[in-house]
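Engineer: Residue numbers (our numbering): 5 to 183. In this text, a Cβ means the ideal position worked out from N, Cα and C, and glycines have one as well. Okay, handing you the structure first.
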C-alpha cells in the first residue's frame, strides 16, 4: 500500500496504539486514503469547565461546593478570583494544565501562540475561497485586540475589507467553532 510519510499498518505492528487528532486529519482523509473502519474510536475533546479547572488547581473541596451551589461566604472572594483566572486563561486543557503547574500567566504566551498558529493553519478547511482565507486569517491575527468592543465590520481592524466580506468571515468562524 502506498501511504504518505512513514505510516505503519496495524497488521505490521499491532501492539502500538496511535492517536491522531485535529481537524487537519480531514484533509488527509479527503485525499482518498482508505480509512480503517472498525479500528477507529472517536472522542470529542472540549475545553475544560470551571469545575475541571478547580480540580486541576487542586481545589477539590471548592469544586464540590460549586457543584452543590453552596459556596460559603468565607471563600466567595477566593472562588471569584479563581473564576476570573479561569475566564482570563480560558479552558484549553493544555493551558489549564500548564497554569495549574506553574501559576504563571507569562509562560502561557508560547502555548497561546502555538494554538493561534494552528487555527491560522487550519483556515483552508473552513474558507470557501482564497479571499475568505485571507480575511479569516486577518481576523485571527488582528481581531483579538478588539475583544469586548463594539466593532464596525467594514474596514474592521483598519483593514480594507468590506462589511459583507468581514461579516461572512465572522460567520464562518462562528459556525465552524474555529475559535
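Which residue comes first and which comes last in the alpha helix (DSSP H) that contains residue 68?
Structural biologist: By 1-based counting over the chain shown, the position of residue 68 is 64. 64-71 is the span of the alpha helix (DSSP H), which, as asked, contains residue 68.
Engineer: Under DSSP, the alpha helix (DSSP H) around residue 123 begins and ends at which residues?
Structural biologist: On the chain shown, position 119 is the one that residue 123 refers to. Start and end: 113-125.
Engineer: Taking the alpha helix (DSSP H) that residue 134 belongs to, which residues open and close that run?
Structural biologist: Here the question's residue 134 lines up with position 130 in the chain shown. Unbroken alpha helix (DSSP H) run through residue 134: 134-146.
Engineer: Roughly how many whole angstroms lie between the Cα atoms of residue 60 and residue 97?
Structural biologist: As a working note, residue 60 is residue 56 in the chain shown. As a working note, residue 97 is residue 93 in the chain shown. Residue 60 and residue 97: Cα-Cα distance of roughly 10 Å.
Engineer: I'd like the list of long-range same chain contacts for residue 54, defined as Cβ closer than 6 Å, with 5 residues on each side in sequence excluded.
Structural biologist: Here residue 54 refers to the residue found at position 50 when the chain shown is read from its first residue. Cβ within range, chain order: 90.
Engineer: Could you spell out where the alpha helix (DSSP H) holding residue 45 opens and where it closes?
Structural biologist: Translated into the one-based positions of the chain shown, residue 45 becomes position 41. Where residue 45 is concerned, there is no enclosing alpha helix (DSSP H), given that its DSSP letter is neither H nor E.
Engineer: Starting from residue 106, trace the alpha helix (DSSP H) both ways and give me its first and last residue.
Structural biologist: Within the chain shown, residue 106 is the residue found at index 102, counting from 1. Where residue 106 is concerned, the enclosing alpha helix (DSSP H) stretches over 97-106.
Engineer: Would you kindly report the start and end of the unbroken alpha helix (DSSP H) that includes residue 167?
Structural biologist: Along the chain shown, read from residue 1 onward, the residue named residue 167 stands at position 163. Per DSSP, residue 167 belongs to the alpha helix (DSSP H) from 167-179.
Engineer: Residue 166: beta carbon under 7 Å from a heavy atom of the ligand NAD?
Structural biologist: Of ligands this structure carries none, so the ligand NAD is not represented either.
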